[in-house]
Ligand code: SAH
Ligand code: SF4
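In our numbering, the protein residues as written are 5 to 356.
Listed below in structure tokens is the structure:
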């Protein structure tokens with residue numbers, strides 16, 4: 005990756021912005037389009053590579069701008085080929101992203117961060133323990149994607165906002181990034197998933213954007229009491245309001261919602277809780293994704309360490325939920341556990 009960090013980065017500018025930038029340099033506007041293509045289609049690592057720009061043009065760019073404000077700090081490759089990246093911003097912030105291979109689609113997906121840390125503080129999530137540090141800019145969100153493609157030379161087909169942070173608490177930058185992913189990186193909105201802990205007003209706002217992105221909601225419990233423990237922000241955005249927002253999202257977008265449900269031994273995995281969940285989801289167009297809990301060193305319930313539900317019990321829960329709700333229920337296939345790259349394990353810790 006390019007080194008000069010202080011200069012403004014061109015990755016994260018739209019085609020129109022790049023055309024304006026070219027015009028500002030007294031260049032013909034088509035050079036803005038050329039730049040756009042080098043950045044987003046050819047994943048250029050340096051201005052030097054931009055062979056259809058003159059040496060003088062390239063030097064002018066080099067002097068003023070950079071192609072990445074994020075520098076690669078560390079990279080780890082898991083036994084299952086999942087790659088975890090740690091980037092350092094020009095302000096010294098650490099940002100994590102994960103690239104996964106999706107066997108079922110024969111394609112690659114990136115799990116990207118929208119914030120450094122997270123304010124929501126779910127007790128089972130390593131990111132939550134860091135607390136909120138910073139919102140990422142749209143630019144920094146896009147650079148995670150471009151840098152992964154630059155590094156691997158392989159196209160990403162799918163983007164999930166499931167790295168560090170609560171994307172809907174960084175709404176404007178995330179939406180700006182979504183437009184860039186769609187229009188410049190050329191990954192369709194249907195292949196972009198925003199996962200949220202349930203920020204009700206922003207779910208409604210997102211519905212109004214009519215963006216066709218997939219909304220995933222970290223529900224984790226069907227009753228208010230358990231949910232308040234697992235997702236503390238639900239004290240503010242209560243269950244009936246959240247459910248109403250999800251129906252609203254579906255009605256506006258006609259996009260089926262993904263319900264995420266982390267499986268925690270003895271906490272939310274009893275058969276009667278599967279029935280309660282089926283009941284709660286009645287009439288909502290959704291599918292349920294059960295996530296086997298990935299142990300972190302932080303998760304505890306009244307002083308007792310949180311444990312993953314044993315697999316046979318997860319299958320039983322799935323079976324009861326499927327039969328009572330008649331909805332599609334899947335179990336999330338975990339990736340990159342050996343390098344702490346799985347869901348909820350992102351806390352800037354790299355395995356030696
Ligand atoms: N803040 C957003 C997105 C990031 S977390 C959200 O909470 O939805 C992405 C998913 O990983 C969420 O469903 C989250 O609940 C889940 N998760 C967090 N910690 C986990 C852990 N230790 N094991 C399994 N899933 C976890
Ligand atoms: Fe934040 Fe999501 Fe982790 Fe909860 S699960 S602390 S909302 S990143």
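Note that beta-carbon positions come from the ideal geometry of N, C-alpha and C, so glycine has one too.
Counting every other CB atom within 10 Å of its CB across the protein chains shown gives residue 345 a total of 16 or more, marking it as buried.
With contacts defined by Cβ atoms closer than 9 Å, residue 160 and residue 149 form a contacting pair.
Cβ contact annotation for residue 47 (same chain, cutoff 7 Å, sequence separation greater than five): 150, 153, 154, in chain order.
Counting only runs that start and end inside the stretch 196-264, the beta strand (DSSP E) elements of at least 3 residues fall at 196-200, 218-222. Between residue 113 and residue 145, the C-beta gap is not smaller than 9 Å, which leaves the two residues out of contact. DSSP places residue 91 within a strand segment (E or B) once states are collapsed to three. With at least 16 other beta carbons inside 10 angstroms of its own, residue 273 counts as buried. Going by beta carbons, residue 312 and residue 293 fall outside the 9 Å limit.
Per DSSP, residue 54 is not a residue of any alpha helix (DSSP H), being assigned neither H nor E.
Judged by DSSP in its simplified three-state form, residue 316 adopts helix. For residue 107, there is no enclosing beta strand (DSSP E), as DSSP marks it with neither H nor E. Per the DSSP secondary-structure output, residue 78 pairs in a beta bridge with 90. Residue 184: member of the alpha helix (DSSP H) spanning 175-187, first to last residue.
In this structure, residue 115 sits near residue 103, with a CB-CB distance shorter than 9 Å. As for any beta strand (DSSP E) of minimum length 3 sitting wholly inside the stretch 127-183, the runs are 136-139, 160-165, ordered along the chain. The stretch 203-215 and the stretch 238-256 touch, with no fewer than 3 CB-CB distances between them shorter than 8 Å. In the structure shown, the three-state DSSP call for residue 113 is strand.
Shown here, residue 121 sits in a strand according to DSSP, grouped into three states.
Straight-line spacing of the CA atoms in residue 74 and residue 99 works out to 9 Å. The beta strand (DSSP E) runs lying completely inside the stretch 281-338 and spanning 3 residues or more are 290-296, 333-335, given in chain order.
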